[in-house]
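K.L.:
Protein chains: 2
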Amino acid sequence: MQGETSKQSSDRGNASRDALIRAGLRVFGRIGFDAARTRDIAVEAGVNQALIAYHFGGKRGLYLAIFDHILVEIRTRLSPSLELVLEALRRDPPPTPQTAVGMLEELISRFAAVLAADESAEWATLIIKEQQAPSEAFDRLFEGAMRGLAETTTQLVAIARGLPPESAEARVAAFTLVGQALVFRAAHAAVLRHLQWSRLGKDELAMVQRQIRANIRAIAGAEGISP
Amino acid sequence: MQGETSKQSSDRGNASRDALIRAGLRVFGRIGFDAARTRDIAVEAGVNQALIAYHFGGKRGLYLAIFDHILVEIRTRLSPSLELVLEALRRDPPPTPQTAVGMLEELISRFAAVLAADESAEWATLIIKEQQAPSEAFDRLFEGAMRGLAETTTQLVAIARGLPPESAEARVAAFTLVGQALVFRAAHAAVLRHLQWSRLGKDELAMVQRQIRANIRAIAGAEGISP
DNA sequence: GTCTATAGTCGGATAGAC
DNA sequence: GTCTATCCGACTATAGAC
Numbered sequence: 003m004q005g006e007t008s009k010q011s012s013d014r015g016n017a018s019r020d021a022l023i024r025a026g027l028r029v030f031g032r033i034g035f036d037a038a039r040t041r042d043i044a045v046e047a048g049v050n051q052a053l054i055a056y057h058f059g060g061k062r063g064l065y066l067a068i069f070d071h072i073l074v075e076i077r078t079r080l081s082p083s084l085e086l087v088l089e090a091l092r093r094d095p096p097p098t099p100q101t102a103v104g105m106l107e108e109l110i111s112r113f114a115a116v117l118a119a120d121e122s123a124e125w126a127t128l129i130i131k132e133q134q135a136p137s138e139a140f141d142r143l144f145e146g147a148m149r150g151l152a153e154t155t156t157q158l159v160a161i162a163r164g165l166p167p168e169s170a171e172a173r174v175a176a177f178t179l180v181g182q183a184l185v186f187r188a189a190h191a192a193v194l195r196h197l198q199w200s201r202l203g204k205d206e207l208a209m210v211q212r213q214i215r216a217n218i219r220a221i222a223g224a225e226g227i228s229p
Numbered sequence: 003m004q005g006e007t008s009k010q011s012s013d014r015g016n017a018s019r020d021a022l023i024r025a026g027l028r029v030f031g032r033i034g035f036d037a038a039r040t041r042d043i044a045v046e047a048g049v050n051q052a053l054i055a056y057h058f059g060g061k062r063g064l065y066l067a068i069f070d071h072i073l074v075e076i077r078t079r080l081s082p083s084l085e086l087v088l089e090a091l092r093r094d095p096p097p098t099p100q101t102a103v104g105m106l107e108e109l110i111s112r113f114a115a116v117l118a119a120d121e122s123a124e125w126a127t128l129i130i131k132e133q134q135a136p137s138e139a140f141d142r143l144f145e146g147a148m149r150g151l152a153e154t155t156t157q158l159v160a161i162a163r164g165l166p167p168e169s170a171e172a173r174v175a176a177f178t179l180v181g182q183a184l185v186f187r188a189a190h191a192a193v194l195r196h197l198q199w200s201r202l203g204k205d206e207l208a209m210v211q212r213q214i215r216a217n218i219r220a221i222a223g224a225e226g227i228s229p
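These protein sequence lines map, in sequence, to chains A and B.
The first sequence maps to residues 3 to 229 in our numbering.
The second sequence maps to residues 3 to 229 in our numbering.
(1) If you count every other CB in all the chains shown that lies within 10 Å of the CB of B:L86, and 16 or more means buried, which is it?
(2) Check each candidate in B:N217, B:F140, B:L64, B:S137 and name the one with the smallest Cα separation from B:A176.
(3) By Cβ distance, which residues of its chain are closer than 8 Å to A:L106, with the 5 residues on each side in sequence left out?
(4) For B:T78, count neighbouring C-beta atoms within 10 Å of its own C-beta (all shown protein chains included) and say buried if the count is 16 or more, exposed if not.
(5) DSSP three-state call for A:E168: helix, strand or coil?
(6) Using a Cβ-Cβ cutoff of less than 8 Å, which residues in the same chain neighbour B:L202 once the five nearest sequence positions on both sides are dropped?
(7) Give the list of continuous alpha helix (DSSP H) stretches no shorter than 4 residues that lie fully inside the region 13 to 65 of chain A.
(8) Nearer than 8 Å: is that true of the beta carbon of A:G203 relative to any heavy atom of the ligand GDP?
(9) Here's the rule I'm using: 16 or more other beta-carbon atoms within 10 Å means buried, otherwise exposed. How should B:A208 be labelled?
(10) Alpha carbon to alpha carbon, what distance is there between A:P136 and B:A44?
(11) Hey, A:L22 and A:A47 are a contact pair by Cβ (cut 8 Å); roughly how many whole angstroms apart?
(12) If you run the structure through DSSP and keep just helix, strand and coil, what is A:T101?
(13) For A:T98, is the classification buried or exposed, using 16 other Cβ atoms within 10 angstroms of its Cβ as the cut-off for buried?
(14) Rounded to a whole number of angstroms, what is the C-alpha to C-alpha distance between A:A90 and A:L80?
(15) Measure the Cβ-Cβ separation of A:T73 and A:R19 and say whether it is below 9 Å.
(16) With a cut-off of 8 Å on the beta carbons, I'd call B:T127 and B:G59 a contact; round off their distance for me.
(17) Would a C-beta distance cut-off of 9 Å place B:F140 and B:E132 closer than the cut-off?
(18) Nearest-angstrom Cα distance between B:I33 and B:D94?
(19) Thinking C-alpha only, which one of A:L197, A:D42, A:Q182 is nearest A:G26?
(20) Does the CB of A:E107 have a neighbour CB from chain B at under 9 Å?
(21) What residue range does the alpha helix (DSSP H) around B:W199 cover?
(22) So A:L84 and A:L151 are supposed to be a Cβ contact under 8 Å. How far apart are they, rounded?
(23) Cα separation between A:E168 and A:R28?
(24) Out of B:E171, B:G164, B:Q51, B:D205, which one is the CA nearest neighbour of A:E171?
(25) Would a check of beta-carbon distances place A:P136 closer than 9 Å to chain B?
(26) Can you tell me which of A:Q198, A:H196, A:I129 puts its alpha carbon nearest to the alpha carbon of A:E75?
(27) Alpha carbon to alpha carbon, how far is A:R173 from B:H196?
(28) Determine the DSSP secondary structure at B:M3, reduced to helix, strand or coil.
(29) Can you name the start and end residues of the alpha helix (DSSP H) that A:A160 belongs to?
(30) Which same chain residues, not among the five before or five after A:A102, have their C-beta less than 6 Å away from its C-beta?
(31) From which residue to which residue does the alpha helix (DSSP H) around B:A123 run?
(32) Can you round the beta-carbon distance between A:A220 and B:A220 to whole angstroms, since I take them to be within the 8 Å contact cut?
(33) Closer than 9 Å, Cβ to any Cβ of chain A: which residues of the region 165 to 180 of chain B, in chain order?
(34) Do B:G232 and A:Q182 have their C-beta atoms within less than 9 Å of each other?
(35) Could you say which of B:V116, B:R112, B:Q134, B:E121 lies nearest to A:A188 if we only look at CA atoms?
(36) Taking only beta-carbon atoms, is A:V185 less than 9 Å away from chain B?
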């Protein structure tokens with residue numbers, strides 16, 4: 003189911019397409035959309051520069067295609083953790099505050115791992131750049147991946163702290179939790195310098211995750227159960 | 003002390019210089035270094051485009067000069083809070099964990115205010131962009147302003163939680179605290195959408211700060227005093 | 001110090017052969 | 001689908017008058 007003659011050329015086309023997306027992700031992530039040159043992307047992809055126009059209609063089209071690719075990347079990386087939570091939220095006896103806290107720990111430290119990983123560095127920086135000047139690409143990304151993550155986190159926070167799940171308080175609280183992980187990517191350069199780390203590797207990540215988990219337990223424990 | 007004849011032309015020169023720095027800050031902050039056009043900056047500054055080369059040697063020179071300007075901006079905005087802390091840290095009976103927590107609350111919520119303010123939006127985004135692809139500009143900024151802030155925060159955290167002030171744990175913990183404020187700038191677009199806010203104004207900021215303060219108290223209270 | 005005019009370069013897009 | 005060659009708009013930097 004792969005050796006069809008009619009598929010032969012389209013296979014080669016797909017290979018070029020994929021190579022361009024991967025190379026574009028690296029180059030855009032490294033230096034941003036405007037600084038990136040289509041010629042460099044083509045070289046890094048090992049294909050001809052004119053193919054960017056052919057496959058994506060142009061530089062901007064490639065950029066948007068890359069965000070569609072990022073979308074599925076995020077989903078595959080986070081959905082295992084996310085699905086578990088969603089299922090628990092759907093079950094009839096809703097999670098207790100204590101289980102909610104446990105799930106928050108899981109979710110946010112998984113999020114930290116994704117942000118810190120070298121493989122995701124490029125798209126993580128790309129997303130942060132996009133947020134500083136949101137375009138159509140951000141719209142797709144938000145609707146496709148971020149909204150779900152934000153809502154799920156908010157619901158868990160609401161349960162853990164006894165807040166209405168639609169309240170601004172619960173949402174703000176959710177963002178402060180996420181921020182504890184995000185900072186290690188958004189302020190990556192400052193983190194490495196101040197900690198005199200050369201990179202955020204396995205051991206460093208473990209320390210970050212331990213810290214985040216402790217913080218989440220403390221935050222939830224202090225105010226969540228009382229009312 | 004201002005009407006000297008010899009100063010007359012240099013006053014006009016300084017005015018152009020300042021206008022360019024302010025305009026450049028806005029334009030670079032809005033769309034980034036590479037997308038920004040010197041023509042637009044000149045128009046927004048109300049001066050001639052050729053003056054960028056005259057005063058700063060070129061586009062890149064203007065960019066670096068802007069970071070020097072950001073440096074003093076940050077210092078003036080944060081030094082009131084920072085000085086208070088530094089003085090307390092120098093005093094002989096060092097702050098108790100409880101006072102350290104109070105100072106952390108002050109410092110981080112002040113930090114949140116600075117990040118959220120519309121007036122600082124441009125340079126806050128610029129800094130975040132710089133961190134995604136650090137250059138010489140980041141070096142100056144880190145040494146000139148961020149290092150001090152990071153060290154002070156770390157020391158307070160160390161006191162509040164009974165950790166060695168040079169330990170990686172204290173530093174990581176400090177960043178997680180800062181991250182709670184930073185997220186509202188780094189993920190600004192996502193925050194506005196998920197909270198259905200049109201901007202991060204006075205009331206919204208107050209809610210964010212309340213949340214951050216509560217979190218810091220909880221985190222410190224849970225583990226800081228015990229050992 | 002400031003201006004106009006322009007030189008020089010660069011980079012995305014396209015035409016057209018294979 | 002892929003390639004080479006090239007066009008052409010756009011942008012920074014500079015020369016030189018005021």
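Ideal placement from N, C-alpha and C gives every residue a C-beta, glycine not left out.
P.N.:
In this structure, then:
(1) exposed
(2) Among B:N217, B:F140, B:L64, B:S137, the Cα nearest to that of B:A176 belongs to B:N217.
(3) T155, L158, V159, A162, L179, I218, A222
(4) exposed
(5) coil
(6) Beyond the five residues adjoining it in sequence on each side, B:L202 comes within less than 8 Å, by CB distance, of A118, F186, H190, V193, L194, V210 in the same chain, given in chain order.
(7) 40 to 47, 52 to 58
(8) As presented, the structure is devoid of all ligands, the ligand GDP included, so that no description of it is given.
(9) Per the 10 Å Cβ criterion, exposed.
(10) For B:A44 and A:P136, the distance between alpha carbons rounds to 24 Å.
(11) 5 Å
(12) helix
(13) A:T98 should be labelled exposed.
(14) 16 Å
(15) In the sequence under discussion, the amino acid at residue 73 of chain A is Leu, which differs from the Thr named in the question. When the beta-carbon positions are compared, A:L73 and A:R19 stay at least 9 Å from each other.
(16) B:T127 to B:G59, Cβ: 25 Å. No contact.
(17) yes
(18) 48 Å
(19) A:D42
(20) no
(21) Counting along the chain, B:W199 falls outside any alpha helix (DSSP H), and DSSP gives it neither H nor E.
(22) 7 Å
(23) 38 Å
(24) B:D205
(25) yes
(26) When C-alpha distances from A:E75 are compared across A:Q198, A:H196, A:I129, the shortest belongs to A:I129.
(27) 8 Å
(28) With a pLDDT of 40 at B:M3, under the threshold of 50, the modelled position of this residue cannot be trusted, and the question is left open.
(29) 149 to 163
(30) L158, I161, A162
(31) 120 to 134
(32) That belief holds up - the Cβ atoms of A:A220 and B:A220 are roughly 5 Å apart, short of 8 Å.
(33) A170, E171, R173, V174, A175, A176, F177, T178, L179, V180
(34) Since the first and last residues shown for chain B are 3 and 229, residue 232 of chain B lies out of range.
(35) Looking at the Cα atoms, B:Q134 is the closest of the given residues.
(36) Contacts with chain B at 9 Å (Cβ-Cβ) include A:V185.
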